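According to the UniProt record's numbering, the sequence shown holds residues 1 to 334 in order.
We treat Cβ as the ideally placed atom computed from N, Cα and C, and that holds for glycine.
As the structure is a prediction and not an experimental result, all values here were calculated from the model.
Notes follow the structure.
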Amino acid sequence: MSSKKRILVTGSDGFIGSHLTEHLVRAGHDVRAFVLYNSFNSWGWLDHAARDVQSSLDIFAGDIRDPNGVRKAVADRDVVLHLAALIAIPYSYHSPDTYVDTNIKGTLNVVQAARDSGARVVHTSTSEVYGTALTVPISETHPLQGQSPYSASKIGADQIALSFHLSFGTPVSVLRPFNTYGPRQSARAVIPSIVTQIANGRRAIKLGSLHPTRDFNYVTDTVRAFEAVMESDAAVGQVLNAGSGFEISIADTVKVIAETMGIDVRVETDEQRLRPEKSEVERLLADAGRLRALTGWAPEYGGPDGFRRGIAKTVQWFTEPANLARYKADLYNV
Numbered sequence: 001m002s003s004k005k006r007i008l009v010t011g012s013d014g015f016i017g018s019h020l021t022e023h024l025v026r027a028g029h030d031v032r033a034f035v036l037y038n039s040f041n042s043w044g045w046l047d048h049a050a051r052d053v054q055s056s057l058d059i060f061a062g063d064i065r066d067p068n069g070v071r072k073a074v075a076d077r078d079v080v081l082h083l084a085a086l087i088a089i090p091y092s093y094h095s096p097d098t099y100v101d102t103n104i105k106g107t108l109n110v111v112q113a114a115r116d117s118g119a120r121v122v123h124t125s126t127s128e129v130y131g132t133a134l135t136v137p138i139s140e141t142h143p144l145q146g147q148s149p150y151s152a153s154k155i156g157a158d159q160i161a162l163s164f165h166l167s168f169g170t171p172v173s174v175l176r177p178f179n180t181y182g183p184r185q186s187a188r189a190v191i192p193s194i195v196t197q198i199a200n201g202r203r204a205i206k207l208g209s210l211h212p213t214r215d216f217n218y219v220t221d222t223v224r225a226f227e228a229v230m231e232s233d234a235a236v237g238q239v240l241n242a243g244s245g246f247e248i249s250i251a252d253t254v255k256v257i258a259e260t261m262g263i264d265v266r267v268e269t270d271e272q273r274l275r276p277e278k279s280e281v282e283r284l285l286a287d288a289g290r291l292r293a294l295t296g297w298a299p300e301y302g303g304p305d306g307f308r309r310g311i312a313k314t315v316q317w318f319t320e321p322a323n324l325a326r327y328k329a330d331l332y333n334v
């Protein structure tokens, strides 16, 4: 095991953040979990973490948009793994101001606090910043294309983070995961949407566009990428793609899920799920060579076989009645 670190995970109440937080606790680190303050005292997915994980956590309820709370949360940490963000693309069409406030200003608050405290930052980007692939596989030098307010806000956040490294020497790395999937993901994402619709008895499932391709990353591979970047001095100042290197269309993803669940389905196009034509990202396929070279990371769920194994684990989790009951599969989740 690496040396014990004092780590702050922002967005630890979310899908990837909760998996990452649990992993770091079990690896023996001192973990502070930054969760979004709410009157229910909910810790998001960490409410469902094992008792030994919960009892080991330092929970910090706050808002990434508030510089004072962020500064306090960062103050005594060695590392900040910054995942807190608004990520739903359709909601960014509806409420773009909130994406600027949360994603750009929130990231500014994190790197400003890290500059003051000396903490190292691993900032979370997204493959959406590349837009539709102009060349494949997509390396970190691919042009950035803000095809939605969400992706534009993440481009801005990435550049703010990198600017603090270049301007002030703040030790920042930018990790750019391609589409992560797995247990706990929001049903606004395509894989949980497919699985929960089928699990709730639908045989005609509603989806948006079927022809775009994605490079899907199983969540434990994404978690391992964060850990690898955090541990690598060579990753400081770098932008690093994390992807499986396997490309599959949404239509073929439906087939894999249906086969895994042993169900025949048909797809109906739901107009409200379609992105505006010029906003749809048609193709994503990662070149993760830089991450592999600098950290030794490699996906454990790569290729078609790895994708099927990841889908099987995802289906198993979502089809457990207690888990399925948490999702409103009859509604379109923006």
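Cβ-heavy atom distance between Val9 and the ligand NAP below 6 Å?
In the structure shown, the ligand NAP is absent, as is every other ligand, since no ligand is present at all.
Do you know offhand how far Thr98's Cα is from Leu294's?
Indexing the sequence shown from 1 puts residue 98 at position 98. Indexing the sequence shown from 1 puts residue 294 at position 294. Distance between the alpha carbons of Thr98 and Leu294: 35 Å.
Element boundaries [alpha helix (DSSP H), containing Ser3]
Locating residue 3 in the sequence shown gives position 3, counting from the first residue. It is not in any alpha helix (DSSP H) - Ser3 carries neither H nor E in the DSSP assignment.
Reducing DSSP to helix, strand and coil, say where Ile248 ends up.
Within the sequence shown, the letter at position 248 stands for residue 248. Residue state, collapsed to three classes: strand.
Does the contact criterion of 3 or more C-beta pairs under 8 Å hold for the segment 233–242 versus the segment 164–173?
yes
Use the C-beta contact count for His94: other C-beta atoms within 10 angstroms, 16 or more gives buried, fewer gives exposed.
Position 94 of the sequence shown holds residue 94. Exposed, by the Cβ-count rule.
Report yes or no: do three or more beta-carbon pairs, one from the segment 196–214 and one from the segment 41–49, lie closer than 8 Å?
By the criterion of at least three beta-carbon pairs nearer than 8 Å, the segment 196–214 is not in contact with the segment 41–49.
Answer with buried or exposed for Gln32, where buried requires no fewer than 16 other C-beta atoms within 10 angstroms of its C-beta.
Taking the first residue of the sequence shown as position 1, residue 32 is located at position 32. According to the sequence as given, residue 32 is Arg; it is not Gln. It is buried - the Cβ of Arg32 has at least 16 other Cβ atoms within 10 Å.
Ala85 and Asn103 - do their beta-carbons sit closer together than 7 Å?
Translated into positions along the sequence shown, residue 103 becomes position 103. Translated into positions along the sequence shown, residue 85 becomes position 85. For Asn103 and Ala85, yes; Cβs fall inside 7 Å.
May I have the straight-line CA-CA distance separating Gly118 from Ile7, to the nearest angstrom?
Stepping through the sequence shown from its first residue, residue 118 is reached at position 118. Stepping through the sequence shown from its first residue, residue 7 is reached at position 7. So the two alpha carbons sit approximately 13 Å from each other.
Would you call the CB atoms of Arg283 and Ala133 closer than 7 Å?
For the purposes of this step, residue 283 is taken as residue 283 along the sequence shown, with counting starting at 1. For the purposes of this step, residue 133 is taken as residue 133 along the sequence shown, with counting starting at 1. Closer than 7 Å, so yes.
If I'm right that Val267 touches Ile191 with Cβ under 8 Å, what's the distance once you round it to whole angstroms?
Within the sequence shown, residue 267 is the residue found at index 267, counting from 1. Within the sequence shown, residue 191 is the residue found at index 191, counting from 1. About 14 Å separates the two Cβ atoms, so there is no contact after all.
Measuring alpha carbon to alpha carbon, tell me which of Lys4, Gly201, Leu285, Ile59 ends up nearest Leu36.
Residue mapping note: residue 36 aligns to position 36 of the sequence shown, counting from 1. If we check each option's Cα against that of Leu36, Ile59 comes out closest.
Taking the beta strand (DSSP E) that Ala204 falls in, what are its first and last residues?
Numbered from its first residue, the sequence shown carries residue 204 at position 204. Ala204 -> beta strand (DSSP E) spans 204–207.
Residues in its own chain within less than 8 Å of Met1 by CB, not counting five upstream and five downstream?
The sequence position of residue 1 within the sequence shown is 1, counting from 1. Confidence at Met1 is low in this model, with a pLDDT of 45, below 50, so its placement is unreliable and no value can be given for it.
Thinking C-alpha only, which one of Gln112, Lys105, Asp47, Ala61 is nearest Arg71?
Position 71 of the sequence shown, counting from 1, holds the residue named residue 71. With distances taken between Cα atoms, Arg71 lies closest to Gln112.
For Ala61, the three-state DSSP class (helix, strand or coil):
Translated into the one-based positions of the sequence shown, residue 61 becomes position 61. It is a strand residue.
What residue does the alpha helix (DSSP H) around His19 start on, and which one ends it?
Taking the first residue of the sequence shown as position 1, residue 19 is located at position 19. The continuous alpha helix (DSSP H) containing His19 extends over residues 15–26.
Using beta-carbon positions only, say whether Glu300 and Asp252 come within less than 7 Å of one another.
Translated into the one-based positions of the sequence shown, residue 300 becomes position 300. Translated into the one-based positions of the sequence shown, residue 252 becomes position 252. Their beta carbons are not under 7 Å apart, which means Glu300 does not touch Asp252 by this criterion.
Looking at the C-beta of Thr10, does it have a partner C-beta in chain C at a distance below 7 Å?
Within the model displayed, chain C is absent; a lone protein chain is all it includes.
Roughly how many whole angstroms lie between the Cα atoms of Ala157 and Gly262?
Within the sequence shown, numbered from 1, the residue matching residue 157 stands at position 157. Within the sequence shown, numbered from 1, the residue matching residue 262 stands at position 262. In a straight line, the C-alpha of Ala157 is about 42 Å away from that of Gly262.
Who does Ser173 pair with in a DSSP beta bridge?
Here residue 173 is taken as the residue at index 173 of the sequence shown, counted from 1. Per DSSP, Val122.
If you run the structure through DSSP and keep just helix, strand and coil, what is Tyr218?
What you label residue 218 is simply residue 218 of the sequence shown in a count that begins at 1. Residue state, collapsed to three classes: strand.
Are the beta-carbon atoms belonging to Gly106 and Ile64 less than 7 Å from one another?
For the purposes of this step, residue 106 is taken as the residue at position 106 of the sequence shown. For the purposes of this step, residue 64 is taken as the residue at position 64 of the sequence shown. Yes, the Cβ-Cβ distance between Gly106 and Ile64 is below 7 Å.
Expressed to the nearest angstrom, what Euclidean distance is found between the alpha-carbon atoms of Val281 and Val129?
Residue mapping note: residue 281 aligns to position 281 of the sequence shown, counting from 1. Residue mapping note: residue 129 aligns to position 129 of the sequence shown, counting from 1. Near 10 Å, if we compare the C-alpha coordinates of Val129 and Val281.
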